[in-house]
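Numbering (my numbering), first residue to last: 55 to 202.
Cβ atoms here follow ideal geometry from the backbone N, Cα and C, with glycine treated the same way.
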Ligand SMILES: [Zn+2]
């Protein structure tokens with residue numbers, strides 16, 4: 055049996071400038087462009103998160119969507135990081151900084167709620183599930199875990 059995993063990013067690879075990517079990666083990719091990095095059971099959760107994010111951070115972009123240790127992980131560029139990521143080099147004025155901080159906080163809270171919620175949703179089919187530890191941990195319902 056061969057177990058494959060999505061490759062992890064090299065630790066520290068982006069540690070210096072987490073918000074900066076090369077120019078050809080500046081495309082505005084949002085959650086709908088990243089659904090396939092996790093199982094279909096979490097797609098409705100991700101699409102709901104996307105709709106919620108649009109309300110607080112319309113120009114947000116995705117750094118990474120993945121599963122880790124059985125739960126959803128979503129990393130975004132919002133607020134100041136997004137500002138810099140779009141190629142801006144000016145530092146925002148205090149009012150704009152405050153708006154960016156509010157945007158970051160709101161987006162972070164929405165992501166946190168979705169990540170927590172994923173621990174109760176089967177990643178495979180979307181039914182209620184619990185984290186299952188095997189060679190790796192996946193959140194699955196009884197059916198998809200083969201318990202029925
Ligand atoms: Zn399932």
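request  = For residue 136, collect the residues of the same chain with a Cβ closer than 7 Å to its Cβ; drop the 5 residues on either side in sequence, then sort them by chain order.
outcome  = 113, 114, 115
task = Just grab the DSSP bridge partners of residue 157 for me.
result = Paired residue(s): none; residue 157 is not in a bridge.
message = For a quick check, are the C-beta atoms of residue 165 and residue 119 less than 7 Å apart?
response = no
key: Cβ neighbour criterion (16 or more within 10 Å) applied to residue 58   = Reliability fails at residue 58, whose pLDDT of 44 lies under 50, so the model's placement of it is uncertain and the value that follows must be treated cautiously. With fewer than 16 other Cβ atoms within 10 Å, it is exposed.
ask   = Which residue from 183, 153, 151, 107 puts its Cα closest to that of residue 84?
value = 107
key: Those runs of the beta strand (DSSP E) which lie wholly inside the segment 97-131 and span at least 3 residues   = 115-122, 125-131
message = Using DSSP's beta-bridge definition, name the partner residues of residue 194.
response = 184
request  = Could you tell me whether any non-hydrogen atom of ligand 1 is closer than 6 Å to the CB of residue 178?
outcome  = yes
inquiry  = For residue 175, list the residues DSSP reports as bridge partners.
reply    = 182
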